[in-house]
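Structure, as structure tokens:
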Amino acid sequence: MAKYSVFSLARNALSYHENWQRAWRSPAPKPEYDILVIGGGGHGLATAHYLAKEHGINNVAVIEKGWLGGGNTGRNTTIVRSNYLWDESAAIYEHSLKLWEGLSQDLNFNVMFSQRGVMNLAHNLHDWRELNRRVHANRLHGIDSEILTAAQVKAEAPIFNVSPNSRYPIMGASIQRRGGTARHDAVAWGYARAADQRGVDIIQNCEVTGFVINNGKIEGVETTRGRINAKRVGVAVAGNSSVLADMAGFRMPVESNPLQALVSDPIKPVLDCVVMSSAVHVYVSQSDKGEFVIGAGSDLHVSYSQRGSFDIIEGIMGALCELVPMVSRMKMMRQWGGIVDVTPDRSPIIGKTPVEGLFINCGWGTGGFKGTPGSGHAFAATLAAGEPNDKAGPFSLDRFRTGFLIDEAGAAAVAH
Ligand code: FAD
Ligand code: PYC
């Protein structure tokens, strides 16, 4: 059997993979669907999967202007955790984490979810109090969360310099051991394949260029491949949310900023958990290949260019060399950026828009990879019922009018 696999792999390689089975179809768009989902990132694809699986609605298309996962889904640093402060956030992020825990089985696709633990460092009294408060809040919600002393940080992550004489002394940390990382592309591909198998049409290289709205109600979308009708449309386009909202004639309280990341040359395993420092603006994990996956806060200018400025990388590396001195001898291999959709309270927006039948899911900013399953699950329920479900309800667009904000700036962990 193994021999046959090696042979067939070689044969496929030489025949330019012509015998490989497609993971999903590539259909032409139909003139009309029950529900259209705009955006073939993790959130849009997860929405389509749960619409078909949980609600039996499979006359659905996902419309993607580029390729699946080509947005932030394929550009993020894959940190998954649920240690947010407020009840509403705990509900949706913990729901998401529970879905992560069964996701490979649900999709029959290995998303390489690795619960290696996520640590947040405290460098000063403010950090320490914020982390302690959040750990207590998490535990009240039944979410695993612990406090570590500096000595325990050293035991968990020996490459970190915990000397009180270092430039950024480490007072201690919080850790969520059920947190970790996953393979980002696999998440997009797994959801796409599962949705496709249930009849969802996944349409790539098809850009939505306008909305067809009559008497305040959605009737369909204009795309680069023609008009497609639907009485219900869900928008999940992350950094492009304001652009789509503008096409539909309303404004979003969202800023689009570049967020960068970089990876090092691969080295032997030296770090088996994720470590983040929001005060010093750096975080790091080690991939299964051995690369350090590194990032920090967002660039502060508004942009759609999927690139960032060099001063951010300089700051990231300066901080990391102080915290992990061995990094000064490593080489960085590549760097990239994604456009994150940041709301004033650093919480997502899931629900209705001023246009009847048009729904939006955005504002996940620097932290929506972890939310992918929970977001898709809640958005699917919202689209199916035409009303936000209990998880989505508190995250309405309307909260910026009523003032019921859900301030998660502390838990966002990445400065922006
Ligand atoms: P996307 O994956 O961006 O998908 C949106 C899709 O919409 C895109 O594919 C785009 O092409 C498409 N689209 C846009 N306009 C149109 C149009 N007009 N017509 C059709 N399609 C359109 N989150 C975490 O939880 N943990 C992390 O460690 C983490 N690290 C990050 C690091 C970086 C560098 C970045 C950039 C982000 C990070 N995030 C992280 C945030 C996370 O990546 C995002 O919140 C999440 O991936 C958003 O997923 P999405 O499906 O909503 O968006
Ligand atoms: O939300 O945990 C997070 C995160 C880490 C890096 C970027 N976002």
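In short: position in the sequence shown from 1, add 1072, done, that's the working numbering.
For each residue, glycine too, the CB sits at the ideal point set by N, CA and C.
| query | result |
| --- | --- |
| Start and end of the beta strand (DSSP E) containing K1170? | Note, K1170: premise wrong, no beta strand (DSSP E); alpha helix (DSSP H) at D1159 to E1173. |
| Select from Y1240, S1336 and R1323 the residue whose C-alpha is nearest the C-alpha of V1427. | R1323 |
| Since A1194 sits in a beta bridge, which residues does DSSP pair it with? | G1244 |
| Have a look at W1172 and A1133 and give me their C-alpha separation to the nearest angstrom. | 24 Å |
| From the DSSP secondary-structure annotation, give me the bridge partner or partners of N1329. | V1412 |
| Taking only the alpha-carbon atoms, compute the straight-line gap between A1074 and A1082 and give it to the nearest angstrom. | Caution is warranted here: a pLDDT of 46 is assigned to A1074, below 50, making its placement in the model unreliable, and no coordinate value can be reported. |
| Three or more C-beta pairs closer than 8 Å, one from the region 1362 to 1371 and one from the region 1212 to 1223: is that the case here? | no |
| Just checking S1191 against ligand 2 - is the residue's beta carbon closer than 7 Å to any of the ligand's heavy atoms? | Ser is not the amino acid found at residue 1191; the sequence shown has Met there. The answer is no for M1191. |
| Using CA coordinates, which residue listed in V1078, A1120 and C1434 is at the minimum distance from A1264? | A1120 |
| Below 8 Å, how does it come out for the region 1174 to 1194 and the region 1322 to 1339: are there three or more Cβ pairs, yes or no? | no |
| Between the alpha carbons of G1146 and I1384, how many angstroms are there, rounded? | 20 Å |
| Throw me the rounded Cβ distance for the E1228 and C1345 pair, which I believe falls under 8 Å. | 6 Å |
| Would you mind reading off the limits of the alpha helix (DSSP H) that contains D1360? | Segment: none, D1360 is in no alpha helix (DSSP H) and carries neither H nor E. |
| Helix, strand or coil for A1074, going by three-state DSSP, please let me know. | Any answer about A1074 is weak, because its pLDDT of 46 lies below 50 and its placement is not dependable; what the coordinates show is given next. Correct three-state label for A1074: helix. |
| Using the Cα positions of F1472 and K1361, report the straight-line distance between them to the nearest angstrom. | 43 Å |
| Could you check what DSSP says for D1022 in three-state terms: helix, strand or coil? | The first residue shown for the chain is 1073 and the last is 1488, placing residue 1022 beyond what the model contains. |
| What residue from A1194, N1204, S1217 and H1198 has the CA that sits closest to A1223's CA? | A1194 |
| Would you check if the region 1391 to 1407 and the region 1423 to 1438 touch, i.e. whether three or more CB-CB distances between them fall below 8 Å? | no |
| Bridge partners for K1289 per DSSP, in chain order? | N1286 and E1428 |
| Can you tell me where the alpha helix (DSSP H) with V1307 in it begins and where it stops? | That residue, V1307, is in no alpha helix (DSSP H); its beta strand (DSSP E) goes R1304 to V1307. |
| Please confirm whether P1175 and P1445 have their CB atoms less than 8 Å apart. | Looking at the sequence provided, one finds Leu at residue 1175 rather than Pro. Contact flag set, yes. |
| So, with DSSP's three-state summary, where would you put L1086? | helix |
| Answer yes or no: do E1218 and I1247 have a C-beta to C-beta separation smaller than 8 Å? | yes |
| Please report the distance separating the alpha-carbon of L1316 from that of R1188. | 37 Å |
| Look up E1104 in the DSSP assignment and say whether it is helix, strand or coil. | strand |
| For S1349, is the classification buried or exposed, using 16 other Cβ atoms within 10 angstroms of its Cβ as the cut-off for buried? | buried |
| Determine the closest residue to K1125 out of G1448, E1480 and A1481, with distance taken between C-alpha atoms. | G1448 |
| What does V1132 pair with, by DSSP beta-bridge criteria? | I1107 |
| Three-state secondary structure (DSSP) at G1252? | strand |
| I'd like to know if the region 1129 to 1143 and the region 1296 to 1312 are in contact, where contact means that at least 3 CB-CB pairs between them fall below 8 Å. | yes |
| Going by DSSP in three states, D1337 sits in which element: helix, strand or coil? | coil |
| So what does DSSP say about G1146, is it helix, strand or coil? | helix |
| Rounded to the nearest angstrom, what separates G1114 and H1256 at their Cα positions? | 8 Å |
| So the beta strand (DSSP E) D1545 belongs to, where does it begin and stop? | Absent from the model: residue 1545. The displayed extent of the chain is 1073 to 1488, so no value can be given. |
| Under the criterion of a Cβ to heavy atom distance below 7 Å, does Y1355 qualify as lining ligand 2? | yes |
| Under the three-state reduction of DSSP, which class applies to M1404: helix, strand or coil? | strand |
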